[in-house]
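Engineer: First the structure, then my questions, so here it is.
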Amino acid sequence: MNDNTYVPFHHFYDYVNFRIEIDVTSDVFLTPPGVVCPGRKQTRPVPVLQGAYIYREEIVAPTNNAITEADVWYDDLFGLVRYDFRPQPNTPPYYNTDAATEIHDFNTGIAYNIDKTMGNCTITPIKNSSFDASINVTTSLSGKPSFVLQMKSPGQLFYLDNSYTFEGQRFARDMVCDVFISKRSDFKLGGLTLNATFQFYFLAKTFTEKNNEGNIDQTATDIPVRLDISVSGIPYNARYNIYDFSQEHPELTKFDIRTCFDIDDKIPFKITFGGTFDAKVQAFREIFLFQSISVVSEASGVSPLRIQGVDFQMEYDQAFFVGTLLEKAPSIAKFRQIKGQVLQYHNDKTITYVSQASDCADYCVTNNFTCNSFDYCAQSQTCTLSRSHTEDGTLVGSGGSCDHYSRTLGSAFRPEVDMQTAWEKLRNAVVRGVFVLNIKFDTSTVSYKASDISSSVSLGGVRDPSSTATLKHFRAMHNKNVPNYDDDIEDGISVDDCAAACVATEVFICNSFEYEWQTGRCTLSHFHPDDDPKKIQNINGIDLYIRDYTSKFNLQKGTTVLSSSPVIYQGIYDVNECAKLCVDYHEFPCKSFDYCDQIGTCFIGKIHVLDVPKSSIKASPQCDHYSREYIDDFQHYQKKLMKMTQDRVITGISVLECAKACVDEENAGCATFSYCGNYTECRLSGVSLSSAGQSTVQASAYCDIYSRKYYPNGQVYAAPVTAPAASGYSGGAMAGLAVGMIALGLILAVVAVVIYLKSNNKTMDDMKISFKRMDENES
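In the UniProt record's numbering, the protein residues as written are 1 to 779.
Structural data, given as structure tokens:
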């Protein structure tokens with residue numbers, strides 16, 4: 001048969017189910033699943049994930065008939081990852097299959113491994129096999145490659161890079177998804193690195209997702225839905241179903257490591273802010289909370305992970321940030337151990353007589369050069385420090401009884417400070433006025449400056465409370481000092497501790513102190529700079545704090561109460577000096593003073609402005625009256641009430657009068673008072689709030705608790721251990737006593753009026769009063 005030969009044929013073509021449209025979700029034009037086409041034209045960009053997200057994953061392994069679940073919180077900004085899962089049997093450090101939480105802090109290279117059932121916690125270095133860690137190849141001092149860990153980027157955590165090509169659209173969990181495929185050689189499984197094919201499903205842009213986490217971006221795109229992984233050569237196929245994916249910063253409360261630390265390794269604190277916090281402002285509470293954590297971390301010099309138990313509470317006229325500062329983790333947890341090996345020829349410092357490897361780690365992290373590894377030989381108790389990281393096996397040799405420890409992070413790690421140093425730095429930031437929250441509202445940005453910080457927050461243990469409120473007894477002069485007046489020196493304390501030391505000293509009367517911010521050096525002095533201002537000199541980095549005795553008094557300008565006082569000082573040309581004379585006066589309890597600046601006269605009195613009738617308060621343009629501000633000696637706790645425990649009850653008085661009554665009852669040992677404004681009831685108690693226990697405090701809509709913090713002279717109040725014995729008075733007797741006190745007050749008021757009227761018609765020259773000139777060393 002030649003090429004020109006034709007064979008007759010007869011064919012029939014039947015067309016069935018002919019349609020004029022094409023199903024857009026059909027996969028007939030797609031490459032088969034699992035097939036990668038090199039050089040394929042990219043028609044859809046690879047999705048880009050944001051710097052923080054939360055998700056739950058379901059891992060289905062058909063070959064093993066196994067389904068496992070895990071939850072992940074990832075925050076690239078704070079360098080934190082949390083992973084909730086069930087560990088494999090006999091896997092350290094768990095050794096069980098109970099639910100576990102791992103929290104990785106890439107600021108320090110430390111992993112906190114928490115058994116959620118038992119509450120146990122083990123602190124270890126982050127492993128290089130961890131799913132969230134990648135090896136960073138750097139160059140060591142020897143010029144050879146060195147390997148250290150770093151946190152995977154948002155895309156690296158999902159193996160997302162430019163190797164993916166867009167396949168088209170397929171269904172996954174009844175959703176239309178954009179499918180991307182990649183053939184890669186960096187898949188890690190069981191400690192091995194394998195070749196694998198990844199097929200990633202992302203929610204199509206025609207779909208929208210709204211989760212219940214309150215996602216800030218309600219139009220979130222590029223939501224991962226599923227990842228299929230297959231490994232050629234071995235029967236491994238896995239499907240990762242991804243649920244509840246939310247691209248926003250997880251709350252830092254999710255990274256809770258408090259169970260990893262004892263009570264002595266925690267400092268609870270409360271930072272107070274002034275301002276107006278109405279309903280519109282309270283809607284931004286989460287932003288206040290988030291920014292407070294950031295500012296605390298920056299001010300104290302610690303990782304955000306060490307700021308735990310956080311909350312931001314708002315009242316109308318003030319707000320509080322509450323948290324707990326944790327101690328730094330053990331230094332040894334920052335190093336990966338290589339048993340029986342040493343880093344040869346790179347010992348930059350040798351320390352002998354070191355009893356354990358953890359001590360060697362402490363030397364490494366506190367050394368004056370950047371120490372990245374060390375060798376510890378237990379037999380010889382020798383510790384050698386090195387600037388180099390562990391190399392790629394070329395410099396590590398057999399060490400016999402020695403072990404090598406390499407820092408998990410690179411040389412860019414952030415040095416950690418201990419808890420007490422961090423606490424002092426935080427308090428100093430508040431005192432210096434640099435602890436500021438800048439909250440951006442819809443149309444403006446408002447700054448909120450912290451006004452106080454206190455550690456008087458209960459954690460169930462006993463801890464000496466500290467508050468910057470002590471500083472209100474001093475006025476500051478920046479970059480000033482008075483040389484050669486050093487009565488006592490303390491190093492490494494915060495500025496408010498320095499103030500507390502000044503008011504508490506009993507060896508001499510402390511009238512001023514100097515604080516060096518760089519070193520924390522506190523210098524106490526008996527010298528009051530107001531006595532000779534010429535001695536004040538300029539100096540950078542040191543602030544001078546001068547005892548402000550007027551801080552204990554309430555000012556009433558242009559009035560006099562004590563014009564008939566028998567104790568008068570002349571030649572006093574500073575109100576602070578007059579206040580000091582009142583504080584130091586010993587012949588009777590000085591409760592107030594009048595100061596007339598134009599004539600340099602100071603009147604000392606034993607009566608309080610609350611003790612006299614209004615008719616005895618006279619206008620005097622030349623003079624001002626100062627009465628004790630007793631309420632400032634107390635710590636205020638709103639909407640709380642202590643149970644009655646041998647309390648003395650007075651009704652019909654103000655909260656200021658109640659505070660005065662508590663202080664006046666020195667012999668009765670009043671440590672706390674409760675004041676109920678709805679029926680003006682004052683309850684004086686000998687039980688201090690710190691020793692009362694939580695069971696004695698209850699919520700109250702109209703009552704507040706005031707706990708004694710200072711004596712009238714500014715010294716820290718020492719609460720009695722137990723309440724004083726009962727007076728034996730019945731309720732009726734106490735009511736009679738209250739009436740008697742009111743009657744006595746009226747009688748004293750009448751006497752004061754008579755005395756004042758008699759002296760009011762006389763000039764200063766013919767006043768029959770006795771003058772006392774008292775030197776400062778006599779007072």
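Where is the CB? At the ideal position from N, CA and C, for every residue including glycine.
In angstroms, rounded to a whole number, what distance separates the CA positions of residue 754 and residue 568?
Structural biologist: Along the sequence shown, one-based indexing puts residue 754 at 754. Along the sequence shown, one-based indexing puts residue 568 at 568. Confidence in residue 754 is poor, its pLDDT being 38 and thus under 50, which makes the residue's placement too unreliable to answer from.
Engineer: Confirm, please, whether the CB-CB distance from residue 104 to residue 76 is below 8 Å.
Structural biologist: Working through the sequence shown from its first residue, we reach residue 76 at position 76. Working through the sequence shown from its first residue, we reach residue 104 at position 104. No, the Cβ-Cβ distance between residue 76 and residue 104 is not below 8 Å.
Engineer: Taking DSSP's pairing of strands, which residues face residue 104 in a bridge?
Structural biologist: Locating residue 104 in the sequence shown gives position 104, where the first residue counts as 1. Answer is 81, 111.
Engineer: Which runs of the beta strand (DSSP E) fall wholly inside the region 44-96 and span at least 3 residues, in chain order?
Structural biologist: Listed in chain order, the complete beta strand (DSSP E) runs (minimum 3 residues) inside the region 44-96 are 52-61, 66-75, 80-85.
Engineer: If you follow the beta strand (DSSP E) that residue 317 is in, where does it begin and where does it stop?
Structural biologist: For the purposes of this step, residue 317 is taken as residue 317 along the sequence shown, with counting starting at 1. First-last for residue 317: undefined, no H or E at that position.
Engineer: On the three-state DSSP scale, how would you describe residue 370?
Structural biologist: Counted from its first residue, the sequence shown places residue 370 at position 370. Looking at residue 370 - three-state DSSP - the assignment turns out to be coil, as it is neither helix nor strand.
Engineer: Please name the residue, chosen from 598, 707, 49, that lies closest to residue 222 on a Cα-to-Cα basis.
Structural biologist: Here residue 222 refers to the residue found at position 222 when the sequence shown is read from its first residue. Checked all of 598, 707, 49; the closest Cα to residue 222 is 49.
Engineer: Would you kindly check if the distance between the Cβ of residue 201 and the Cβ of residue 182 is under 8 Å?
Structural biologist: As a working mapping, residue 182 is identified with position 182 in the sequence shown. As a working mapping, residue 201 is identified with position 201 in the sequence shown. Going by C-beta atoms, residue 182 is not nearer than 8 Å to residue 201.
Engineer: I need the straight-line Cα distance from residue 279 to residue 445, nearest angstrom please.
Structural biologist: Working through the sequence shown from its first residue, we reach residue 279 at position 279. Working through the sequence shown from its first residue, we reach residue 445 at position 445. Going by the C-alpha atoms only, they are around 17 Å apart.
Engineer: Taking the alpha carbon of residue 402 as the point to measure from, which residue in 431, 338, 421 has its own alpha carbon closest?
Structural biologist: One-based indexing of the sequence shown puts residue 402 at position 402. The option with the nearest alpha carbon to residue 402 is 338.
Engineer: For residue 452, which of helix, strand or coil comes out of DSSP?
Structural biologist: As a first step, residue 452 is located in the sequence shown; it is residue number 452 there, counting from the start. In this structure, residue 452 counts as strand in the three-state DSSP scheme.
Engineer: Could you compute how far the alpha carbon of residue 376 sits from the alpha carbon of residue 149?
Structural biologist: By 1-based counting over the sequence shown, the position of residue 376 is 376. By 1-based counting over the sequence shown, the position of residue 149 is 149. Taking the straight line from one Cα to the other gives about 22 Å.
Engineer: Hey, quick one: how far does the alpha helix (DSSP H) through residue 363 stretch, first residue to last?
Structural biologist: Position 363 of the sequence shown, counted from the start, is the residue given in the question as residue 363. Looking at the DSSP string, the run of the alpha helix (DSSP H) that includes residue 363 is 357-365.
Engineer: Mapping the DSSP letters down to three states, classify residue 379 as helix, strand or coil.
Structural biologist: Translated into positions along the sequence shown, residue 379 becomes position 379. In the structure shown, residue 379 sits in coil (DSSP, three-state: anything other than H, G, I, E or B).
Engineer: State the Cα-Cα distance for the pair residue 288 and residue 304, rounded to the nearest angstrom.
Structural biologist: Stepping through the sequence shown from its first residue, residue 288 is reached at position 288. Stepping through the sequence shown from its first residue, residue 304 is reached at position 304. About 15 Å.
Engineer: Counting C-beta neighbours from all protein chains within 10 Å, is the total for residue 205 16 or more, i.e. buried, or is it exposed?
Structural biologist: As a first step, residue 205 is located in the sequence shown; it is residue number 205 there, counting from the start. It is exposed - the Cβ of residue 205 has fewer than 16 other Cβ atoms within 10 Å.
Engineer: Return the CA-CA distance between residue 249 and residue 317, expressed in angstroms with no decimal places.
Structural biologist: For the purposes of this step, residue 249 is taken as residue 249 along the sequence shown, with counting starting at 1. For the purposes of this step, residue 317 is taken as residue 317 along the sequence shown, with counting starting at 1. Using only the alpha carbons, I get a separation of about 29 Å.
Engineer: Excluding five sequence neighbours on each side, which residues of the same chain lie with their C-beta closer than 6 Å to the C-beta of residue 578?
Structural biologist: If you number the sequence shown from 1, residue 578 lands on position 578. 572, 593, 595, 602.
Engineer: Quick check on residue 210: does DSSP put it in helix, strand or coil?
Structural biologist: Counting from 1 along the sequence shown, the entry for residue 210 is found at position 210. Coil.
Engineer: With which residues is residue 568 paired in a DSSP beta bridge?
Structural biologist: Position 568 of the sequence shown holds residue 568. For residue 568, which the question treats as bridged, DSSP gives the partners 603.
Engineer: Do you know offhand how far residue 5's Cα is from residue 35's?
Structural biologist: Working through the sequence shown from its first residue, we reach residue 5 at position 5. Working through the sequence shown from its first residue, we reach residue 35 at position 35. Roughly 44 Å between the two C-alpha positions.
Engineer: Give me, in chain order, the residues of the same chain whose beta-carbon lies closer than 7 Å to that of residue 253; leave out the 5 immediate sequence neighbours on both sides.
Structural biologist: If you number the sequence shown from 1, residue 253 lands on position 253. Hits under 7 Å: 310.
Engineer: By DSSP, does residue 509 sit in helix, in strand, or in coil?
Structural biologist: By 1-based counting over the sequence shown, the position of residue 509 is 509. Residue state, collapsed to three classes: coil.
Engineer: Are the region 155-162 and the region 288-302 in contact at 8 Å, needing three or more beta carbon pairs?
Structural biologist: The answer is no - the region 288-302 does not touch the region 155-162, with fewer than three Cβ pairs under 8 Å.
Engineer: Using the C-alpha atoms, what's the distance from residue 15 back to residue 9?
Structural biologist: Numbered from its first residue, the sequence shown carries residue 9 at position 9. Numbered from its first residue, the sequence shown carries residue 15 at position 15. Rounded to the nearest angstrom, the two C-alpha atoms are 20 Å apart.
Engineer: Apart from the five residues on each side of it in sequence, which residues of its chain come closer than 6 Å, Cβ to Cβ, to residue 122?
Structural biologist: Residue numbering aside, residue 122 sits at position 122 when the sequence shown is read from its first letter. Excluding residues within five positions, the ones whose Cβ falls inside 6 Å are 93, 113.
Engineer: Any Cβ of chain D within less than 8 Å of the Cβ of residue 57?
Structural biologist: The displayed structure is made up of one protein chain only, and chain D is not part of it.
Engineer: Express the C-alpha separation of residue 702 and residue 633 in angstroms, rounding to a whole number.
Structural biologist: Counting from one through the sequence shown, the residue named residue 633 turns up at place 633. Counting from one through the sequence shown, the residue named residue 702 turns up at place 702. Distance between the alpha carbons of residue 633 and residue 702 is about 21 Å.
Engineer: So, with DSSP's three-state summary, where would you put residue 31?
Structural biologist: Position 31 of the sequence shown, counting from 1, holds the residue named residue 31. Coil.
Engineer: Is the beta carbon of residue 669 sitting closer than 8 Å to the one on residue 686?
Structural biologist: Residue 669 sits at position 669 when you count from the first residue of the sequence shown. Residue 686 sits at position 686 when you count from the first residue of the sequence shown. The answer is yes: Cβ separation under 8 Å.
Engineer: Which value, in whole angstroms, describes the spacing of the CA atoms of residue 491 and residue 523?
Structural biologist: Numbered from 1 along the sequence shown, position 491 holds the residue referred to as residue 491. Numbered from 1 along the sequence shown, position 523 holds the residue referred to as residue 523. Spanning the two alpha carbons is a distance of roughly 9 Å.
Engineer: Do residue 357 and residue 405 come within 8 Å of each other at the CB atom, strictly closer than that value?
Structural biologist: Reading the sequence shown from its first residue, position 405 is the one you call residue 405. Reading the sequence shown from its first residue, position 357 is the one you call residue 357. Yes, these two residues count as a Cβ contact at 8 Å.
Engineer: To the nearest angstrom, how far is the alpha carbon of residue 84 from that of residue 369?
Structural biologist: On the sequence shown, residue 84 is found 84 positions in, with the first residue counted as 1. On the sequence shown, residue 369 is found 369 positions in, with the first residue counted as 1. Each residue's Cα considered, the two are about 37 Å apart.
Engineer: Quick one: Cα of residue 546 to Cα of residue 664, how far?
Structural biologist: Counting from one through the sequence shown, the residue named residue 546 turns up at place 546. Counting from one through the sequence shown, the residue named residue 664 turns up at place 664. Rounded to the nearest angstrom, the two C-alpha atoms are 28 Å apart.
Engineer: Does the Cβ-Cβ distance between residue 618 and residue 583 come in under 8 Å?
Structural biologist: Position 618 of the sequence shown holds residue 618. Position 583 of the sequence shown holds residue 583. No, the pair does not count as a contact, with Cβ atoms beyond the cut-off.
Engineer: Look at the alpha carbon of residue 431 and the alpha carbon of residue 496, and state the distance between them as a whole number of angstroms.
Structural biologist: Along the sequence shown, read from residue 1 onward, the residue named residue 431 stands at position 431. Along the sequence shown, read from residue 1 onward, the residue named residue 496 stands at position 496. Taking the straight line from one Cα to the other gives about 8 Å.
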